[in-house]
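For reference, the structure discussed in these notes is given below.
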Amino acid sequence: MAQSTDPTTLLNAATDRTLALAETWLRWDGRPFVTDDNERIYTPHKAIRRYADHLLDHLAQTQALLSGAETIPDEWRASLVTLESDWAHFTEADLREAQQRIRRLTQTYVLVLQACSADELDRERGQDVWTLREIVEHVASPWYAEQVGDRS
Numbered sequence: 014m015a016q017s018t019d020p021t022t023l024l025n026a027a028t029d030r031t032l033a034l035a036e037t038w039l040r041w042d043g044r045p046f047v048t049d050d051n052e053r054i055y056t057p058h059k060a061i062r063r064y065a066d067h068l069l070d071h072l073a074q075t076q077a078l079l080s081g082a083e084t085i086p087d088e089w090r091a092s093l094v095t096l097e098s099d100w101a102h103f104t105e106a107d108l109r110e111a112q113q114r115i116r117r118l119t120q121t122y123v124l125v126l127q128a129c130s131a132d133e134l135d136r137e138r139g140q141d142v143w144t145l146r147e148i149v150e151h152v153a154s155p156w157y158a159e160q161v162g163d164r165s
């Protein structure tokens with residue numbers, strides 16, 4: 014059953030929100046942000062890395078499903094791991110790099126989705142496999158950036 018929400022609108026909105034929040038992180042004081050469940054910590058670099066990785070992961074999944082190919086197994090440690098590089102200061106150069114990287118990833122994902130019909134977006138592909146629309150609804154969230162929040 015086709016949904017009324019355009020998945021490309023969801024992706025663009027999540028990217029806009031993520032990057033708008035990132036613009037407020039230039040004076041980050043080096044203290045991490047802890048999630049409500051106290052299980053994960055976030056820094057500006059980690060939030061950007063996780064958002065980009067999440068887009069990339071589900072873009073690859075989407076393309077594999079459309080191509081009838083096997084997806085690469087998910088072996089990421091995801092947000093459970095904080096890399097040494099996640100602790101670096103978040104500078105204007107980092108922000109510009111993130112804007113370029115994430116906008117390009119989002120555009121690529123949007124272009125893939127725009128080539129799909131509504132029927133293709135909602136087509137069932139088997140038990141325990143999300144439809145393309147469900148994948149986008151999952152990935153189109155600024156959740157990682159929200160963990161750092163607005164630091165202005």
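Sequential numbering of the sequence shown, starting at 14, is according to the numbering used here. Heads up, the beta-carbon is just placed ideally off N, CA and C, and yes, glycines get one too. Note that this is a predicted model, so its numbers are computed, not measured.
Euclidean distance between Cα positions of A15 and R44: Translated into positions along the sequence shown, residue 15 becomes position 2. Translated into positions along the sequence shown, residue 44 becomes position 31. Any reading at A15 must be qualified, since the residue scores a pLDDT of 45, below 50, and its modelled position is unreliable; the value itself is stated next. Spanning the two alpha carbons is a distance of roughly 44 Å.
Cβ pair count under 8 Å reaching 3, the stretch 50-59 against the stretch 97-107: yes
Residue burial classification, A60 (beta-carbon count within 10 angstroms, cutoff 16): The residue given as residue 60 occupies position 47 in the sequence shown. It is buried - the Cβ of A60 has at least 16 other Cβ atoms within 10 Å.
Per-residue DSSP class, three states only, for S165: Working through the sequence shown from its first residue, we reach residue 165 at position 152. Three-state DSSP puts S165 in coil, outside helix and strand.
Exposure of A27, with buried meaning 16 or more beta-carbon neighbours within 10 Å: On the sequence shown, position 14 is the one that residue 27 refers to. Counting Cβ neighbours within 10 Å, A27 comes out buried, since at least 16 surround it.
Closer than 8 Å to chain D by CB, D135: Although the question refers to chain D, the structure presented lacks it and comprises just one protein chain.
Rounded separation between I85 and L68 - CA only: Within the sequence shown, numbered from 1, the residue matching residue 85 stands at position 72. Within the sequence shown, numbered from 1, the residue matching residue 68 stands at position 55. The alpha-carbon atoms of I85 and L68 are separated by roughly 15 Å.
Whole-angstrom distance between I148 and T75, CA atom to CA atom: Your numbering for residue 75 matches position 62 in the sequence shown. Your numbering for residue 148 matches position 135 in the sequence shown. The alpha-carbon atoms of T75 and I148 are separated by roughly 8 Å.
First through last residue of the alpha helix (DSSP H) which encompasses A131: Sequence index remark: in the sequence shown, residue 131 carries index 118 (1-based). Run containing A131: 131-134, per the alpha helix (DSSP H) assignment.
Contact under 8 Å by Cβ, L78 with L145: Counting from one through the sequence shown, the residue named residue 78 turns up at place 65. Counting from one through the sequence shown, the residue named residue 145 turns up at place 132. Yes, the Cβ-Cβ distance between L78 and L145 is below 8 Å.
Cβ-based burial, Q160 [other Cβ within 10 Å; buried from 16]: For this step, residue 160 is matched to residue 147 along the sequence shown. It counts as buried.
DSSP state of V94 mapped onto helix, strand, coil: Residue numbering aside, residue 94 sits at position 81 when the sequence shown is read from its first letter. DSSP places V94 in coil when its eight states are reduced to three.
Boundaries of the alpha helix (DSSP H) in which P20 is found, first to last residue: For the purposes of this step, residue 20 is identified with residue 7 of the sequence shown, where counting begins at 1. Going by DSSP, P20 is part of the alpha helix (DSSP H) stretching over 20-35.
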